[in-house]
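Working notes for the structure below.
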Ligand SMILES: Nc1nc2c(ncn2[C@@H]2O[C@H](COP(=O)(O)OP(=O)(O)O)[C@@H](O)[C@H]2O)c(=O)[nH]1
Ligand SMILES: [Mg+2]
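Residue numbers (this note's numbering): 308 to 729.
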């Protein structure tokens, strides 16, 4: 399977739920009017794009429709694809330019940090790089063992200490080892307990200080791993970690299991953090460098599997297949084994007592995220009335200036700053 097909398959749920509905909506309109944009905005909010971003997209579409003198609603899909691509572009590159360089991987429990590190390590080793993993999630012995399995299978070295030891000390050791062994990349795993949030942030800050002191001139990435199935909650997590940890990029996992893929847009636009990798499954090559163009394209494939006629077909992508096949057949069995081991490990972990407390916290976060979405929809409805006069489509064209009134600016500022009851 080519890379594009993987992304396309991984995004199926999001495409069917969100963009399938948008497609139906556009087909049900014969002309472009306010009502169309209002319904489109509502669909985007429902698809976890977030209210701020949904509005921004619709404003941009209005502008492009006007500029291009477009009258056919079906053309909006092409404009949407272009708008989404442009919004997502920028900052995708991963900086590993120095030897050694370091990638610190952070995020709450269960989002896919350790799995992502394993997949990343395998990717770098395949490129001929020497990789050292730092087992700085010392919260539980099982977490260290899980990383050890990934180190063995991916061909990376691992630096570990005992359960409960200082995570910053593990990172320090890993940096020393990397220098001594001439390694190319250090990837550090970290703990992600939510009920220890304050301690967790202090711990991450300490690790960051060690890195800055020991590798002041080295390339450093701080990747926040987010579980796409948590929708708007992923946006809230980004806000929390962004303040404490200096995130340079996002890895968005489990896109294959969710219809909430629209959250990619919210994260990029609302919080200005680039998505660098996406996880679209549990196999090794299901972790893909994030490509905004392919992502947008994969969201707007027709129901019959064909790209919409106005978008160029991704023909050149299939040429990458032979290159991919060089390793895929040889490692498939190993990765199946790793998946099985990870699954067994996960089940063991789930039996542990404290899992219960964690689940409660997760459930609360999920409910809060749902509530926030409801709230956003409510506010969107309220705003419709105001927007109606602002964008009186059939009479006065909205100028750039009155595209956002003072009252809205204040409201948006307040909302964006997180002062929304969270
Ligand atoms: N479907 C799917 N599952 C994933 C993906 N990434 C990680 N997982 C699963 O998520 C679970 C938790 O992963 P883990 O790496 O232990 O999370 P951590 O606590 O953040 O280190 C495991 O069962 C992984 O196999 C993905 O992209 N798609
Ligand atoms: Mg882990």
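Yeah, the Cβ is synthetic: ideal placement off N, Cα and C, and Gly gets one too.
Sub-8 Å separation of residue i and residue j beta-carbons
i: residue 577; j: residue 359; result: yes
i: residue 454; j: residue 465; result: yes
i: residue 607; j: residue 384; result: yes
i: residue 538; j: residue 571; result: no
i: residue 361; j: residue 566; result: no
i: residue 314; j: residue 605; result: yes
i: residue 451; j: residue 440; result: no
i: residue 553; j: residue 506; result: no
i: residue 403; j: residue 526; result: yes
i: residue 677; j: residue 392; result: no
i: residue 586; j: residue 545; result: no
i: residue 428; j: residue 485; result: no
i: residue 347; j: residue 329; result: yes
Contact test: residue i Cβ vs ligand 2 heavy atom, cutoff 7 Å
i: residue 421; result: yes
i: residue 453; result: yes
i: residue 442; result: no
i: residue 450; result: yes
i: residue 491; result: no
i: residue 473; result: no
Rounded straight-line distance, which links the Cα of residue j to that of residue i
i: residue 482; j: residue 562; result: 33 Å
i: residue 509; j: residue 475; result: 11 Å
i: residue 555; j: residue 582; result: 9 Å
i: residue 735; j: residue 447; result: Given that the chain is displayed from residue 308 to residue 729, the structure contains no residue 735 and the question cannot be resolved.
i: residue 356; j: residue 579; result: 14 Å
i: residue 364; j: residue 470; result: 47 Å
i: residue 438; j: residue 533; result: 23 Å
i: residue 400; j: residue 558; result: 12 Å
i: residue 372; j: residue 487; result: 59 Å
i: residue 331; j: residue 352; result: 16 Å
i: residue 693; j: residue 327; result: 28 Å
i: residue 472; j: residue 387; result: 50 Å
i: residue 442; j: residue 543; result: 26 Å
i: residue 597; j: residue 395; result: 10 Å
i: residue 319; j: residue 374; result: 32 Å
i: residue 638; j: residue 535; result: Since pLDDT at residue 638 reaches only 44, below the 50 mark, its modelled position is unreliable, and the value read off the structure follows with that caveat. One C-alpha to the other measures close to 27 Å.
i: residue 477; j: residue 519; result: 15 Å
i: residue 415; j: residue 421; result: 11 Å
i: residue 468; j: residue 345; result: 56 Å
i: residue 688; j: residue 658; result: 44 Å
i: residue 333; j: residue 457; result: 46 Å
i: residue 588; j: residue 564; result: 8 Å
i: residue 674; j: residue 684; result: 15 Å
i: residue 382; j: residue 338; result: 11 Å
i: residue 664; j: residue 573; result: 29 Å
i: residue 309; j: residue 317; result: 12 Å
i: residue 668; j: residue 500; result: 10 Å
i: residue 591; j: residue 522; result: 30 Å
i: residue 593; j: residue 691; result: 40 Å
i: residue 504; j: residue 584; result: 25 Å
i: residue 366; j: residue 321; result: 22 Å
Contact test: residue i Cβ vs ligand 1 heavy atom, cutoff 7 Å
i: residue 543; result: no
i: residue 560; result: yes
i: residue 588; result: yes
i: residue 564; result: yes
i: residue 747; result: Residue 747 lies beyond the residue range present for the chain, which begins at 308 and ends at 729; the question has no answer from this structure.
i: residue 582; result: no
i: residue 532; result: yes
i: residue 593; result: yes
i: residue 417; result: yes
i: residue 435; result: no
i: residue 499; result: yes
i: residue 414; result: yes
CB contact below 8 Å: residue i versus chain D
i: residue 417; result: Given the protein chain composition of this structure (a single chain), no chain D is represented.
For this session: Count the C-beta pairs between the region 489-504 and the region 397-414 that are closer than 8 Å, then say yes if the count reaches three, no if not.
Result: These segments touch.
Exercise. Does the region 506-521 come close enough to the region 530-544 to have 3 or more Cβ pairs within less than 8 Å?
Worked result: These segments do not touch.
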